[in-house]
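Participant: Handing you a structure now.
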Amino acid sequence: MHKYRLVVNPYDIEKWVNEMASQGWYLQKFTWIRFTFERGEPGSYIYRHDELERFGASYEDEYLEFLKSSGIEQVDRSGNFVFFRKPAYEGPFELYTDKKTKISNLSKKVTVLFWVILLNLMVGIIGLSGDFSEYEVDWFGLSLNIANLLVVLVFSIPLFKLIRLRKHLKRDLDVFTD
Amino acid sequence: MTQEHPPLTEGVYYILLALFEARHGYGIMQFVEEMSNGRVRLGAGTIYGAIKTLLERGWIEALDDDGRKKEYIITESGKKVMEYEILRLRELFDNGIRITQEDGTNA
Chain A
1 MHKYRLVVNP YDIEKWVNEM ASQGWYLQKF TWIRFTFERG EPGSYIYRHD ELERFGASYE
61 DEYLEFLKSS GIEQVDRSGN FVFFRKPAYE GPFELYTDKK TKISNLSKKV TVLFWVILLN
121 LMVGIIGLSG DFSEYEVDWF GLSLNIANLL VVLVFSIPLF KLIRLRKHLK RDLDVFTD
Chain B
1 MTQEHPPLTE GVYYILLALF EARHGYGIMQ FVEEMSNGRV RLGAGTIYGA IKTLLERGWI
61 EALDDDGRKK EYIITESGKK VMEYEILRLR ELFDNGIRIT QEDGTNA
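Structure, rendered in structure tokens:
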């Protein structure tokens, strides 16, 4: 079975993939927006995602090998975005158990989303004011700039969610260490 | 906090403790879980990140790679760090017990 999802907030995707797994649909493959599931016994696996740092092939191999030797199966990879899984009967499965790594991972995502939104907002607003300044409305430009603003809308919600999550973790860090 | 020997995280403390004997990543994970009776379960990503940092600091070293699984062991400077940490924990523990028990007798 194939499903299509836009990966804006990876944590939402991970949650969704785990919900599918609890219904007996197991992620097998994915390429950017296309996710392929196969049927199995419900709830047999826990899925986790990771985003590998882009420039560091040697470190990357070592990390993936490390995870493999820890009994973690690599499901599939698309770019630097990877999905792993582990049998559920082996107990809880998390890749990152410390708040500091979680916070820095979140910060990376927040930065990327922030720039995507800012760029689209600027291009959209400057473009829109240009689209109407001519005698005739530039329909192509107009639809493009509306698309820019749509991107801003669609990406803003995940951005705020990620920022909220990060704030929450940071507040915990004031009291608790891990 | 400006201290000469800042507190270690629980994860780093247990990883260093695990490496008083040579262990690979998965071995560390199992050791820590057993030692803490299942309370501390370190994620593989967290352990990997910590190993990289500890290697950079020279508190642990990798043993000669004889297979696919790399083994690590604590160094002398790593042991020093553990010594200070245990002293720090003892101070916390002693003060904690002293004050809470005094409080207990007064109540």
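Read top to bottom, the protein sequences are chains A and B. Residues in the first sequence are numbered consecutively from 1, following this note's numbering. Residues in the second sequence are numbered consecutively from 1, following this note's numbering. For each residue, glycine too, the CB sits at the ideal point set by N, CA and C. Owing to the predicted nature of the structure, the values given are computational and were not obtained by experimental measurement.
(1) For residue 73 (chain B), which residues of its own chain have a beta-carbon under 7 angstroms away from its beta-carbon, when the five flanking residues on both sides are left out?
(2) If you follow the alpha helix (DSSP H) that residue 143 (chain A) is in, where does it begin and where does it stop?
(3) What do you get for residue 139 (chain A), buried or exposed, if any count of 16 or more other CB atoms within 10 angstroms of its CB means buried?
(4) I'd like to know if residue 1 (chain B) contacts chain A, where contact means its C-beta is closer than 8 angstroms to some C-beta of that chain.
(5) Based on the DSSP output, what are the partners of residue 87 (chain A) in its beta bridges?
(6) Under 7 angstroms between beta-carbons, which chain B residues line up against residue 35 (chain A)? List them in chain order, please.
(7) For residue 3 (chain A), does the three-state DSSP call read helix, strand or coil?
(8) By the 10 Å Cβ neighbour count, where 16 or more other Cβ atoms means buried, how is residue 135 (chain A) classified, buried or exposed?
(9) Just the Cα atoms here: how many angstroms apart are residue 1 (chain B) and residue 7 (chain B)?
(10) Using the rule of at least 16 other Cβ atoms within 10 Å of the residue's Cβ for burial, across every protein chain shown, is residue 109 (chain B) buried or exposed?
(11) For the candidate residues A:63, A:129, A:98 and A:169, whose alpha-carbon lies nearest to that of residue 144 (chain A)?
(12) Using Cβ-Cβ distances below 9 angstroms, what residues of the stretch 37 to 54 of chain B are close to chain A?
(13) I want to verify the contact list: residues of chain B whose CB lies under 7 angstroms from the CB of residue 22 (chain A), in sequence order.
(14) Kindly indicate which residue of A:137, A:90 and A:115 has the alpha-carbon position closest to the one of residue 38 (chain B).
(15) Measure from the C-beta of residue 80 (chain B) to each C-beta in chain A and report whether the shortest distance is under 8 angstroms.
(16) Using a 10 Å radius around the Cβ and a threshold of 16 neighbouring Cβ atoms, would you call residue 87 (chain B) buried or exposed?
(17) With a threshold of 8 angstroms between beta carbons, is residue 14 (chain B) in contact with chain A?
(18) How close, in whole Å, do the beta carbons of residue 32 (chain B) and residue 42 (chain B) come, if the pair is a contact with beta carbons under 8 angstroms?
(19) Name the residues in the stretch 13 to 33 of chain B whose C-beta lies less than 8 angstroms from a C-beta of chain A; which are they?
(20) Buried or exposed: residue 124 (chain A), going by 16 or more other Cβ atoms within 10 Å of its Cβ?
(21) Using a C-beta to C-beta distance shorter than 8 angstroms, which residues of chain A count as neighbours of residue 10 (chain B)?
(22) Among all the DSSP beta bridges, which residues are the ones paired with residue 118 (chain A)?
(23) Let me check one thing: in DSSP terms, what residues is residue 35 (chain A) bridge-paired to?
(24) For a test of the three-state rule: what should DSSP assign to residue 1 (chain B), helix, strand or coil?
(25) Considering only the beta carbon of each residue, do residue 113 (chain A) and residue 152 (chain A) sit closer than 8 angstroms?
Facilitator: Based on what the coordinates show:
(1) So the list reads 19, 22, 60, 61 and 63, once near-sequence residues are dropped.
(2) Its alpha helix (DSSP H) spans residues 139 to 175.
(3) Around the CB of residue 139 (chain A), fewer than 16 other CB atoms lie within 10 Å, so the residue is classed as exposed.
(4) Confidence at residue 1 (chain B) is low in this model, with a pLDDT of 48, below 50, so its placement is unreliable and the value that follows should be read with caution. By this cut-off, residue 1 (chain B) is not an interface position.
(5) For residue 87 (chain A), which the question treats as bridged, DSSP gives the partners A:45.
(6) For residue 35 (chain A), no chain B residue has a C-beta closer than 7 angstroms to its own C-beta; the minimum C-beta separation is roughly 22 angstroms.
(7) Reduced to three states, the DSSP call for residue 3 (chain A) is strand.
(8) Residue environment analysis places residue 135 (chain A) among the exposed positions, since fewer than 16 neighbouring C-beta atoms fall within 10 angstroms of its C-beta.
(9) For residue 1 (chain B), the predicted model reports a pLDDT of 48, less than 50, meaning its position is unreliable; a value from the coordinates is still stated below. C-alpha separation (whole angstroms): 9 angstroms.
(10) With chain B covering 1 to 107 only, the question about residue 109 (chain B) has no answer from this structure.
(11) Of the residues A:63, A:129, A:98 and A:169, the one whose Cα lies closest to the Cα of residue 144 (chain A) is A:129.
(12) Here the close residues are 38, 40, 41, 42, 43, 44, 45, 46, 47, 48, 49, 50, 51 and 52.
(13) Within chain B, no C-beta atom comes nearer than 7 angstroms to that of residue 22 (chain A); the closest sits roughly 21 angstroms away.
(14) The closest CA to that of residue 38 (chain B), considering only A:137, A:90 and A:115, is found on A:90.
(15) Taking 8 angstroms as the threshold, the shortest C-beta distance from residue 80 (chain B) to chain A does not fall below it.
(16) By the 10 Å Cβ count, residue 87 (chain B) comes out exposed.
(17) Cβ-Cβ to chain A under 8 angstroms: no for residue 14 (chain B).
(18) That belief holds up - the Cβ atoms of residue 32 (chain B) and residue 42 (chain B) are roughly 6 angstroms apart, short of 8 angstroms.
(19) Within the stretch 13 to 33 of chain B, the residues whose Cβ lies closer than 8 angstroms to some Cβ of chain A are 24, 25, 26 and 29, listed in chain order.
(20) With a threshold of 16 other beta carbon atoms within 10 Å, residue 124 (chain A) meets it and is buried.
(21) Taking a Cβ-Cβ threshold of 8 angstroms, the residues of chain A close to residue 10 (chain B) are 177 and 178, in chain order.
(22) BP columns for residue 118 (chain A) are empty, so no partner.
(23) Per DSSP, A:3 and A:30.
(24) Its pLDDT being 48, under 50, residue 1 (chain B) is placed unreliably by the model, and the measurement read from it follows with that caveat. Three-state DSSP puts residue 1 (chain B) in coil, outside helix and strand.
(25) One thing to note: residue 113 (chain A) has its Cβ no nearer than 8 angstroms to the Cβ of residue 152 (chain A).
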